[in-house]
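Those protein sequence lines, which keep their order, are chains A and B. Heads up, the first sequence is in my numbering, so the first residue is 1 and it goes up one at a time. Heads up, the second sequence is in my numbering, so the first residue is 346 and it goes up one at a time. Since the structure comes first, as structure tokens, the remarks are kept for the end.
Protein chains: 2
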Amino acid sequence: MRIGIVGFGGVGRAFLKLIYDKKCLLEKEGLNIQVNYIIDIYGGVYNKNGLDLPKFIDFLSSERDITKYCDGGKPEEINFEFMLQNSDVDLLVEMTPTNKETGEPGMTHIKRCLEHKINVVTSNKGPILLAYKELYDLAKTNNVQLCIGCTTGGALPTVNGGVMDLAGSNITSIEGVLNGTTNFIIKEMEDTGCLYSEALKKAQESGIAETNPSLDVEGYDTASKLLILTNVLMNTQKSLADISIEGITKVTPEDIKKATSLNKKYKLVGKTEMVSKELKMTVKLEMLDSSSPLYGGEGKNKAVRYVSDTLGELTIIGGASGVTPAAASILRDIVNIHRGYKFIG
Amino acid sequence: MRIGIVGFGGVGRAFLKLIYDKKCLLEKEGLNIQVNYIIDIYGGVYNKNGLDLPKFIDFLSSERDITKYCDGGKPEEINFEFMLQNSDVDLLVEMTPTNKETGEPGMTHIKRCLEHKINVVTSNKGPILLAYKELYDLAKTNNVQLCIGCTTGGALPTVNGGVMDLAGSNITSIEGVLNGTTNFIIKEMEDTGCLYSEALKKAQESGIAETNPSLDVEGYDTASKLLILTNVLMNTQKSLADISIEGITKVTPEDIKKATSLNKKYKLVGKTEMVSKELKMTVKLEMLDSSSPLYGGEGKNKAVRYVSDTLGELTIIGGASGVTPAAASILRDIVNIHRGYKFIG
Numbered sequence: 001m002r003i004g005i006v007g008f009g010g011v012g013r014a015f016l017k018l019i020y021d022k023k024c025l026l027e028k029e030g031l032n033i034q035v036n037y038i039i040d041i042y043g044g045v046y047n048k049n050g051l052d053l054p055k056f057i058d059f060l061s062s063e064r065d066i067t068k069y070c071d072g073g074k075p076e077e078i079n080f081e082f083m084l085q086n087s088d089v090d091l092l093v094e095m096t097p098t099n100k101e102t103g104e105p106g107m108t109h110i111k112r113c114l115e116h117k118i119n120v121v122t123s124n125k126g127p128i129l130l131a132y133k134e135l136y137d138l139a140k141t142n143n144v145q146l147c148i149g150c151t152t153g154g155a156l157p158t159v160n161g162g163v164m165d166l167a168g169s170n171i172t173s174i175e176g177v178l179n180g181t182t183n184f185i186i187k188e189m190e191d192t193g194c195l196y197s198e199a200l201k202k203a204q205e206s207g208i209a210e211t212n213p214s215l216d217v218e219g220y221d222t223a224s225k226l227l228i229l230t231n232v233l234m235n236t237q238k239s240l241a242d243i244s245i246e247g248i249t250k251v252t253p254e255d256i257k258k259a260t261s262l263n264k265k266y267k268l269v270g271k272t273e274m275v276s277k278e279l280k281m282t283v284k285l286e287m288l289d290s291s292s293p294l295y296g297g298e299g300k301n302k303a304v305r306y307v308s309d310t311l312g313e314l315t316i317i318g319g320a321s322g323v324t325p326a327a328a329s330i331l332r333d334i335v336n337i338h339r340g341y342k343f344i345g
Numbered sequence: 346m347r348i349g350i351v352g353f354g355g356v357g358r359a360f361l362k363l364i365y366d367k368k369c370l371l372e373k374e375g376l377n378i379q380v381n382y383i384i385d386i387y388g389g390v391y392n393k394n395g396l397d398l399p400k401f402i403d404f405l406s407s408e409r410d411i412t413k414y415c416d417g418g419k420p421e422e423i424n425f426e427f428m429l430q431n432s433d434v435d436l437l438v439e440m441t442p443t444n445k446e447t448g449e450p451g452m453t454h455i456k457r458c459l460e461h462k463i464n465v466v467t468s469n470k471g472p473i474l475l476a477y478k479e480l481y482d483l484a485k486t487n488n489v490q491l492c493i494g495c496t497t498g499g500a501l502p503t504v505n506g507g508v509m510d511l512a513g514s515n516i517t518s519i520e521g522v523l524n525g526t527t528n529f530i531i532k533e534m535e536d537t538g539c540l541y542s543e544a545l546k547k548a549q550e551s552g553i554a555e556t557n558p559s560l561d562v563e564g565y566d567t568a569s570k571l572l573i574l575t576n577v578l579m580n581t582q583k584s585l586a587d588i589s590i591e592g593i594t595k596v597t598p599e600d601i602k603k604a605t606s607l608n609k610k611y612k613l614v615g616k617t618e619m620v621s622k623e624l625k626m627t628v629k630l631e632m633l634d635s636s637s638p639l640y641g642g643e644g645k646n647k648a649v650r651y652v653s654d655t656l657g658e659l660t661i662i663g664g665a666s667g668v669t670p671a672a673a674s675i676l677r678d679i680v681n682i683h684r685g686y687k688f689i690g
């Protein structure tokens, strides 16, 4: 399988190392991944017979600027359009940064590849949030696959859980503890009794929370993931505006203490359910007791729970954090495509 | 897709009703299931263009003996060999009763169908326990699929979880709360403080435990499921004799009371892990606290937890009980085969 990687940050680097480390395992099932392109904003590297991975990985150990690596062609001329014109990739790994307003540049990359009958695996939430149905239809028309497992919980198999593990059933509700940063902050408050602001500061110092943490702590990250899962698994076309969103910024040590005294835990829960024949979508703090299946989604673990008509309830807990698990979730989608699965078909 | 059903009990009946109820959903994704054969020990029914499902389901509402239903051919002449000779099925649904000594008659049914390039989906643990590797190789040689999701937790997607949700990673340990009957008995003891024997009696009266409950309460059912998961997902060829098995029969109200006072719960846990470079397999009661991901596997819920090298931990909780969820897990495998997935390839 010839792939092109567009957008090349930490997950991209981990992905290259991963497919090199897993080479034998993958070849055993007939999957020979050949990386023909790596393209970032400044240029790219290209080899029509596949990059020499050990050599390139070694190069990356001492150099961040990929345009300094010379293989075939001039690095500054190797860009997305060059890749499309060459027609020598079977699958695009789209990992440019998320833009939730326009979806660009990922939106264009994904659309153009699908139109060129190139499969796409992406970690980029933007285009999926804004235009999943359109992209799905485009993939279907062109008889190729669009896999988005990495956009909603990384290593946690949220999309797989809904599509493959509940195949043949109808999903009637979705509930999830989908954001690691808020998990960390709440756990810190539970463990130390500190203020929200102190727990946030610790999360920022540990590199878990962003300098501007609002996407996480105000619930928009959870809402984005819930939105994608709802549109993909319940066949709707909702937008963020349809979700009632509350974050965790107002939680006090007293709230946490009270929950603990009741043997319960607060979690930031995103939920889609049918209320009076309409889908109701919310993101808010909920106090869960230990009998709740989502209770286990804390700290580094995320969790999602589906209710289906014929296969009952399904709760999935896990989702290691970091660049390697995120890369492994990209690889999971690639392996499942290789095994013939039609996520779209 | 033309299917033959061999072995026709409660799950088989639920399966027929399910594929009829889901007809529209399935046809939307291009899956048109046509039941050509239903065969049980006394004979069968056959229609080369597919049975008239509503008519047959209606017949079943007042009659248990399927040989009294007349469609094409003489019911007593419609048997497994007759089906094979006609070569007009694409997939066998094998649901004869489990025999853990010989695997028969399921073993023969599965082998002969795979040899005839017919896909197989089965709920029958016997052949899978005794000869999974051989059957896997046979399927691979003949380029067909063998799906066994229903053998290890029914609606709980244990096999899917390992094969699809952890695709591209290596599973390094398996742990599960896999038996509903023991869950019920322990829960009953927790809730009422009763003796083991009293809880067992209640489980038997509710139809949850068998008259001879030894397979469940002595841990062999859990061991069987653990064995299948280990052989399928960790690529080994272990047998039941490799598992150290303890059941729940010696648990006392005092044990339960003590666990509750510590805010913990007993579960019958099956576990495969690497100890000193060797796989160690055990089934025994363990006291879990609420931070354990398996804690949620209680009452009607089962749970399985995998640890992988690159995708971290994955815990799956769920698995509704009853004939419809079991039938839905058969249908799930069929849908995933239809979507092109190569479980074996």
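Note that the Cβ used here is the ideal one computed from N, Cα and C, for glycine as well.
*Give the residues of chain B in contact with residue 329 of chain A, contact being defined as C-beta atoms less than 8 Å apart.*
656
*asked:* So, at 6 Å on beta carbons, what are the nonlocal neighbours of residue 627 of chain B in its own chain, with the 5 sequence-adjacent residues on each side left out?
replied: 589, 616
*Using CA coordinates, which residue listed in A:26, A:273, A:193, A:14 is at the minimum distance from residue 229 of chain A?*
A:273
*Leaving out five residues before and five after residue 335 of chain A in sequence, what residues of the same chain have Cβ atoms less than 8 Å from its Cβ?*
26, 29, 31
*Compare the C-beta of residue 314 of chain A against all C-beta atoms of chain B and say whether one is closer than 8 Å.*
yes
_Segment contact flag, the segment 505–512 of chain B with the segment 589–598 of chain B, C-beta cutoff 8 Å, min 3 pairs_ = no
*Taking only the alpha-carbon atoms, compute the straight-line gap between residue 103 of chain A and residue 110 of chain A and give it to the nearest angstrom.*
10 Å
*asked:* Give me the DSSP bridge partner(s) of residue 45 of chain A.
replied: A:38
*Which residues in the same chain as residue 128 of chain A place their Cβ atom closer than 6 Å to its Cβ, once the five residues preceding and following it in sequence are excluded?*
148, 151, 228
*Hey, does residue 335 of chain A have any beta-carbon neighbour from chain B nearer than 8 Å?*
yes
_Supposed contact pair residue 564 of chain B and residue 523 of chain B - C-beta distance, whole angstroms, cut 8 Å_ = About 10 Å separates the two Cβ atoms, so there is no contact after all.
*Would you list the one or two residues that DSSP bridges to residue 119 of chain A?*
A:91
_Would the segment 457–470 of chain B count as touching the segment 483–492 of chain B if we require 3 or more Cβ pairs under 8 Å?_
yes
*Looking at the structure shown, is residue 165 of chain A part of a helix, part of a strand, or coil, going by DSSP?*
coil
_Cα-Cα separation between residue 631 of chain B and residue 22 of chain A, rounded to whole angstroms_ = 35 Å
*Which bits of chain A does residue 498 of chain B rub up against, with CB to CB less than 8 Å?*
None at all; the shortest Cβ gap to chain A is about 11 Å.
*Closer than 8 Å by beta-carbon distance: list the chain A residues that pair up with residue 687 of chain B, in chain order.*
339, 340
*asked:* Whether or not the segment 670–679 of chain B and the segment 299–319 of chain A are in contact is what I'm after, with contact meaning three or more pairs of Cβ atoms, one per stretch, closer than 8 Å; do they touch?
replied: yes
*asked:* I'd like the span of the alpha helix (DSSP H) that includes residue 679 of chain B, first residue to last.
replied: 668–683
*residue 75 of chain A CB to nearest chain B CB: under 8 Å?*
no
*Looking only at C-alpha atoms, which of B:423, B:475, B:459, B:436 sits nearest to residue 446 of chain B?*
B:475
*Run down chain A in chain order and give the residues with a C-beta less than 9 Å from the C-beta of residue 476 of chain B.*
In chain order: nothing, as chain A lies at least about 22 Å away.
*Under 8 Å Cβ to Cβ from residue 364 of chain A, same chain only, skipping five residues before and after it: list those, please.*
Because chain A is modelled from 1 through 345, residue 364 of chain A falls outside the range shown and cannot be assessed.
*Quick one: does residue 266 of chain A have its CB under 8 Å from some CB of chain B?*
no
*residue 178 of chain A CB to nearest chain B CB: under 8 Å?*
no
_Would you say residue 160 of chain A lies against chain B (beta-carbon separation less than 8 Å)?_
yes
*Taking Cβ-Cβ distances shorter than 7 Å, what residues in chain A pair up with residue 509 of chain B?*
160, 164, 336
*For residue 397 of chain B, which three-state DSSP category applies?*
coil
_With H, G and I counted as helix, E and B as strand and the rest as coil, what does DSSP make of residue 218 of chain A?_
coil
*Since residue 665 of chain B meets chain A, which of its residues come closer than 8 Å, beta carbon to beta carbon?*
311, 312, 313
*Using 8 Å as the threshold, is the segment 134–144 of chain A in touch with the segment 260–269 of chain A, meaning 3 or more CB pairs across them?*
no
*Could you give the distance in angstroms between the alpha-carbon of residue 168 of chain A and the alpha-carbon of residue 678 of chain B?*
9 Å
*Three or more C-beta pairs closer than 8 Å, one from the segment 389–402 of chain B and one from the segment 185–196 of chain A: is that the case here?*
no
*Within this structure, are the beta carbons of residue 387 of chain B and residue 401 of chain B separated by less than 8 Å?*
no
_Given this structure, state the Cα-to-Cα distance separating residue 406 of chain B from residue 108 of chain A, to the nearest angstrom._
56 Å
_Would residue 411 of chain B and residue 438 of chain B be called neighbours here (beta carbons separated by less than 8 Å)?_
no
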